[in-house]
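Scroll down for the structure; my scribbles are underneath it.
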Amino acid sequence: MGFLLFLAAFFGLSIAQTSATFSCSKWWPGGISTVTVHDQCSYFPGYENGQLFGGSQQVNVTVVYTQGWLNSSLASIETVTPILSETLSQSIAYYATFGNVLPSQVVVILTSIAKPPGAADTGTADTVFPGTQYQPCQIRTFPVWTDNTVNNRPRSLFAIAHEMYHCAQQFVLYQQDRDPKNYGDDPWIIEGSASYMANLVFPLDNVERVGPKNTSYDPTLPIYQNNPYNAEIFFQSLEFNTEAVDINNWVMTNAPDYYATNRTHLSTISDFIDKFYSFAKQYCLKMILDTDGFYIQNLTDIIPTPATISLSTDGNSGTASLTTVPDSITTFNLSLSGGQTVVLTSTASANQRVAYRLPNDPWWSDMPTGTSSGSEGNVVLPCNNDGTPVTILILYVSSSDADYDIVNINIQQQNTDQDCPCFLPGGVGSTRRREITKRGLQGCGNSTSLPSSGNNSTTPSSGKGNGTCQASSLTDPCLSKTWTLNLPALQSLLETKVESEGTVNSISLSGTGQLDISGTSAGFTYSNFEVDIDLTVIGIDLPTTTVINGDFSSSLFVQSGGNGAGTFCLVVYEGEGTATETDSLTGGFSLNLGPQGGFITSEMVMTYTCDTESLTMTGTLNGVTAAGPWVYSSS
């Protein structure tokens, strides 16, 4: 036994207590110790002259510890020694396969520091290149890491592998004459890729994600607003069609500059949108395959938002405008009638991607832009014998440098299945089949007793009613007079209605409107009647203008009430003119005031109240407000 060891044994001293000490910042001279450990250090046994790790590219690793390290942790030197050897040898050997990405010298300092300066929570380890030189890279551990060598061995192995990849990141950035201390506002690229690479080194430990298998990732937020470590699953998804060395090259190329904001930076990376699109498709289907060979569990469900379709006059084509926050994952559903084939196309730009699928489809199909060719965008909607609609799921992602981004989806009916029953409104149980000429995208066409689209004149219904608007013996004398639109009262009602949808910036009405009711006949006339509404919804300014010019004649049937309040329906039998809406979100649409023009339909239920001076009515379709409220004064 050597003399020093004999003294140590005799006096009960540990090897650590007998080791010579020196400044922990000895590798970074020149007054730059403010970014290293402020303490006295001793060499970890076996690392006094460093140890070489790696194959063709070797890294000399020196391990030291601070004076208070052993007393602040659960572990002993004997426990830590094999952990260090395994994590250093495996991580360096793996990263060396990427080429010249590792510095030639690394110093690991085992400390008793409770947490990194400025950190909100206790950390496991961190990495820094002190000063302006890039040798050596410093990995600093905290008591949590040392305790994990006792109670969570996989986590302690993973942590050093994670930090060693930070050494690679910073070394490459220095070679590119970029300052690795300035990561800009995109830490998710740095931290997410480091967790992914450590997962490659130790694929079976499954400790690479924060929380139980990534339950913390929120796909509805931009990726840079998530926990940066949880962004590991983005890089994991790239294994779908990319090799690890190529993922490493992408990280090294696209690590953010200090002055690049997160959204702006991503919008300038040419292939980011395609990588994020692939990630989104896998995430929605919960098909991100972990490096351990199993699918990642407990991914958060993405709830589709119902998409509103603006239909053409004939109902055989339509447009849906979809809005997303760039760099997040957004899904929608389109509800269309079964028994038809439709073609979907989009207006997607270079920074937008759109996909679609039926709920039972195993994978997403890319939606074509502009015009489709061959089978692109063709969707066969099966016939549902209970009359329920068929859902098409839409995935929309963007990498634009904007607060929100809009894409339009165009839907065109190709053909209909003439053997598929056509149901009256009401869904399940409404099984009476109509005689029809053609179904529209969202339902059956009117019966063949009505004119086809484009014919704005036919004969009055003579009290027979039409479709769900049935003739009735009920009357209400209160209705039968000439009424004039009351613009101030109408504006007040509109303000109350839209306040629940967002912040009302302004509402103004102008022009004239008149309604003449005599028995079962009702005539509507509009002259430059305009409604301007400026509304802010979830931070988005949505100005809308509606202009109505023209007139139409209809049959009016009181369905309930009949004493100053109740419901009636209308069957339009002639008319001309248009109701045109324009808005910044969808671009707008136009409806014809004549029969089948869509402005008033026989399925619409008009709820009304009236007295000698005033008439108020609102049109609803399937329980949802579709027209109005309208307020008239007695002329």
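The sequence shown lines up with residues -16 to -1, 1 to 619 when you count with mature numbering (1 follows the signal peptide of the UniProt record, and there is no 0). We treat Cβ as the ideally placed atom computed from N, Cα and C, and that holds for glycine.
Host beta strand (DSSP E) of residue i (start-end)
i           : result
residue 495 : 487 to 502
residue 545 : 524 to 545
residue 380 : 374 to 382
residue 275 : Premise fails: residue 275 is in no beta strand (DSSP E) and is neither H nor E.
residue 363 : 362 to 365
residue 600 : 598 to 605
residue 589 : 589 to 594
Cβ-Cβ separation, residue j to residue i (assumed contact under 8 Å), whole Å
i           : j           : result
residue 219 : residue 254 : Contact flag wrong, Cβ pair sits at about 18 Å.
residue 56  : residue 96  : 4 Å
residue 43  : residue 155 : With a Cβ gap of about 10 Å, residue 43 and residue 155 do not count as contacting.
residue 554 : residue 539 : 7 Å
residue 93  : residue 45  : So it is not a contact: roughly 12 Å between Cβ atoms.
residue 562 : residue 575 : 7 Å
residue 589 : residue 600 : Contact flag wrong, Cβ pair sits at about 15 Å.
residue 191 : residue 126 : Not a contact, Cβ separation roughly 17 Å.
residue 498 : residue 530 : About 18 Å separates the two Cβ atoms, so there is no contact after all.
residue 520 : residue 566 : Wrong, their Cβ atoms sit about 18 Å apart, outside the cutoff.
residue 361 : residue 329 : 5 Å
residue 542 : residue 456 : 6 Å
Residue interval of the alpha helix (DSSP H) (run including residue i)
i           : result
residue 157 : 137 to 159
residue 264 : 256 to 268
residue 236 : 228 to 238
residue 179 : 171 to 185
residue 219 : 216 to 221
residue 557 : No alpha helix (DSSP H) holds residue 557; the beta strand (DSSP E) holding it covers 549 to 567.
residue 475 : 471 to 482
residue 78  : 61 to 79
residue 246 : 246 to 251
Coarse secondary structure for residue i, derived from DSSP in three states
i           : result
residue 127 : helix
residue 41  : coil
residue 512 : strand
residue 286 : coil
residue 293 : coil
residue 637 : It is not possible to answer for residue 637, since the shown part of the chain is limited to -16 through 619.
residue 208 : helix
residue 213 : helix
residue 84  : coil
residue 47  : strand
residue 28  : coil
residue 90  : strand
residue 113 : coil
residue 618 : strand
residue 575 : strand
residue 132 : helix
residue 9   : coil
residue 505 : strand
residue 392 : strand
residue 399 : strand
residue 4   : coil
residue 54  : helix
residue 122 : strand
Residue-chain proximity (residue i, chain B), Cβ-Cβ < 9 Å
i           : result
residue 586 : Structure shown: chain B not included; a single protein chain is present.
Check: residue i C-beta below 8 Å from any heavy atom of the ligand ATP
i           : result
residue 527 : With respect to small molecules bound, the structure shown includes none, and the ligand ATP cannot be examined in it.
Exercise. What runs of the beta strand (DSSP E), each 3 residues or longer, lie entirely inside the segment 302 to 359?
Worked result: Those beta strand (DSSP E) runs which fall completely within the segment 302 to 359 and span 3+ residues are 314 to 320, 324 to 330, 336 to 341.
Problem set entry | Stretch-stretch touch, CB-based, cutoff 8 Å, three pairs: the segment 586 to 603 with the segment 307 to 326 | The answer is no - the segment 307 to 326 does not touch the segment 586 to 603, with fewer than three Cβ pairs under 8 Å.
For this session: Indicate whether the contact test is met: 3 or more Cβ pairs, each with one atom in the segment 376 to 396 and one in the segment 335 to 350, closer than 8 Å.
Result: Here the segment 376 to 396 lies against the segment 335 to 350, with 3 or more beta-carbon pairs under 8 Å apart.
Problem set entry | Touch test, the segment 341 to 348 against the segment 282 to 296, Cβ-Cβ under 8 Å, three pairs minimum | These segments do not touch.
For this session: Would you be able to state if there are at least three C-beta pairs under 8 Å between the segment 464 to 481 and the segment 492 to 504?
Result: The segment 492 to 504 and the segment 464 to 481 touch, with no fewer than 3 CB-CB distances between them shorter than 8 Å.
For this session: Please determine if the segment 245 to 265 and the segment 106 to 113 are in contact, where contact requires at least 3 C-beta pairs separated by less than 8 Å.
Result: At 8 Å Cβ cutoff, the stretches do not touch.
Exercise. Do the segment 292 to 299 and the segment 174 to 188 make contact, defined as three or more Cβ pairs closer than 8 Å?
Worked result: Output reads no: the segment 174 to 188 does not touch the segment 292 to 299.
Problem set entry | Meets three-Cβ-pair contact criterion under 8 Å: the segment 300 to 308 and the segment 354 to 373 | At 8 Å Cβ cutoff, the stretches do not touch.
For this session: Inspect the CB distances between the segment 57 to 64 and the segment 128 to 143 and report whether three or more fall short of 8 Å.
Result: Taking a cut-off of 8 Å for Cβ pairs, the segment 57 to 64 and the segment 128 to 143 touch, as three or more such pairs fall below it.
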